[in-house]
Structures are given as C-alpha cells and as structure tokens.
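The structure appears right after this line, and notes come after that.
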Amino acid sequence: MRILYFLPARSGSKGVKDKNIKDLHGKPLMAYMIQAIQNSQYYHADQDYIMLNTDSEEYARIGEQYGSVTPFLRPPELSTDTASITDTIIHTINYFEEKKMNFDFFAFLQVTAPLITGKDIDKGIEILLEQPEIDTVNSVTEVDVSPLWCNTLEEDGRMDCFLSEEVKRKNRQELPTYYKITGAVRIARWNRLKENQFDWYKNSKALRLEPSHSMDIDTMDDFLYAQYLMERRNKKC
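The structure is reproduced here in structure tokens:
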C-alpha cells in the first residue's frame with residue numbers, strides 16, 4: 001500500500017500573516033501535520049510521499065526540515081484566493097501520473113489542524129482497508145450547538161416561531177447528535193477519486209474526531225487556544 005499525503009500550504013494568508021509557518025508551541029504550524037503523518041503506523045518513508053503543496057520556496061524549505069517534499073511550486077494561477085483546490089489536486093495527480101508514480105490512497109490533510117494525531121489518520125485509512133466498498137473518508141466532529149436550536153431572525157427580532165414546538169419540549173440531551181465536516185482529514189482511493197470526478201462525498205464514510213483534535217487555526221485566538229490544548233495534552237502524557 002502506497003499513500004500520497006497532500007498538504008496544501010499556500011503563502012500569504014490574510015487572517016494571520018504566514019500562519020502556516022507561524023510558530024506554535026516551538027514549531028511552525030505546518031510541522032504538526034507532517035509529524036502526525038510520520039507517527040501513523042501506516043506511514044512508510046521508503047514508499048510513501050508527504051507532499052507540501054505550496055507556492056513558496058521558503059515554505060518548501062521549512063517543510064523539508066520536518067520531512068515533507070515539494071517537487072514543484074504551485075503555479076500562480078492556482079495560488080490565488082479564488083483558485084479551486086480541486087484544480088490544485090488535479091494538477092498534482094497529473095504530475096505524479098506523468099512521472100509514472102502510482103499510489104493506492106490520496107490523503108488530503110490540512111496543516112491548519114495541528115491537533116490531528118497519527119492515530120486519527122490511522123482510523124481513516126483503516127476504514128478504507130476494512131470496507132472496500134467505501135471510496136472516501138471525511139473527518140467530522142460533533143457540533144456543540146444543535147442546529148435545531150438555531151434559526152434566522154426577523155427584522156423586528158421577534159422569536160415566537162424561533163423553535164419548533166417539538167424542540168421546545170426537549171432537553172438538550174434528548175436532541176439528536178449532529179456533526180459538521182472539519183475538512184482536516186480526507187482520504188480517498190486514488191483510482192476512485194478521478195472516477196468520481198473528485199466528489200469527496202460519493203461512497204463516503206465519516207471519520208469521527210474528538211472536537212479538541214478538530215480545531216482549525218484561522219485567527220490569533222485560535223493560535224492561543226491551540227497552544228493551551230497542546231500544553232494540556234503534554235501534561236497528560
């Protein structure tokens with residue numbers, strides 16, 4: 001089994017400048033996902049490929065220090081705010097197929113999710129190994145507020161019909177559990193991803209992650225909270 005681990009890390013983020021290489025608890029943010037892959041029991045350095053997909057030579061050099069490779073820089077037309085990540089994936093797959101490099105799985109992993117662990121990645125891979133009828137795996141996590149408690153508001157702010165009568169009569173514990181897509185971990189069978197026209201939800205199954213593992217860093221507050229969670233995790237170890 002051979003896996004291509006695809007880590008998108010475009011430079012020039014607007015929310016937090018250069019967030020992908022910003023120091024978090026002593027390491028650049030993107031180093032954590034690289035190390036999570038290396039901690040996976042299914043990662044084999046002699047055959048798998050941790051690819052940092054970036055438009056920045058600086059990012060590529062930093063990634064290489066932690067074990068990723070960048071065989072090419074992302075072209076300018078795929079590095080804009082409006083560029084499609086699907087087009088970037090297609091560009092990458094075409095590159096490897098032209099090089100006659102074959103893989104079994106394509107793992108799309110977000111470097112902005114530094115609390116993902118090797119075991120989280122293992123669980124996603126195992127779903128595909130154990131269930132051949134499944135083509136893709138997508139990470140999800142339980143939402144902290146049920147959408148049944150949410151609604152739009154009229155201009156006057158009245159809430160007479162904000163909640164349904166059924167929801168009004170139930171405690172929070174009685175409501176069904178809802179999940180949201182995190183986007184942190186997506187794994188697909190290489191041959192099926194193209195056949196399914198890069199639809200990640202066709203023949204897909206959920207990879208349930210702990211909420212603390214699922215946070216995505218986008219703001220400085222996210223950085224501070226991630227640092228707190230890492231310190232707490234280290235104390236438990």
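Just so we're aligned: 58 in the UniProt record's numbering is position 58 of the sequence shown, and the numbers increase by one with no gaps anywhere. The beta-carbon is built from N, C-alpha and C at its ideal position, and this holds for glycine as well.
Counting other Cβ atoms within 10 Å of its Cβ, Leu224 stays below 16 and is therefore classed as exposed. Counting along the chain, Glu64 sits inside the alpha helix (DSSP H) bounded by residues Glu57 to Tyr66. In the three-state DSSP reduction, Arg232 falls in the helix class (H, G or I). By the CB criterion at 8 Å, Asn39 and Leu7 fall outside the cutoff.
Counting every other CB atom within 10 Å of its CB across the protein chains shown gives Met33 a total of 16 or more, marking it as buried. Here DSSP, grouped into helix, strand and coil, assigns Ala45 to coil. No Cβ-Cβ contact shorter than 8 Å links Gly124 with Val111. Around the C-beta of Ser139, 16 or more other C-beta atoms lie within 10 Å, and the residue is accordingly described as buried. In this structure the region 151-165 does not touch the region 202-213; the number of beta carbon pairs closer than 8 Å is below three. The residue from Tyr95, Phe108 and Leu229 with its alpha-carbon nearest to that of Arg189 is Phe108. Pairing Phe105 with Leu163, the inter-Cα distance amounts to about 44 Å. Bounds of the alpha helix (DSSP H) holding Phe96 are Ile85 to Glu98.
Taking one beta carbon from each stretch, the region 143-152 and the region 60-67 have fewer than 3 pairs nearer than 8 Å; the two do not touch.
Beyond the five residues adjoining it in sequence on each side, Asp87 comes within less than 8 Å, by CB distance, of Leu78 in the same chain, given in chain order.
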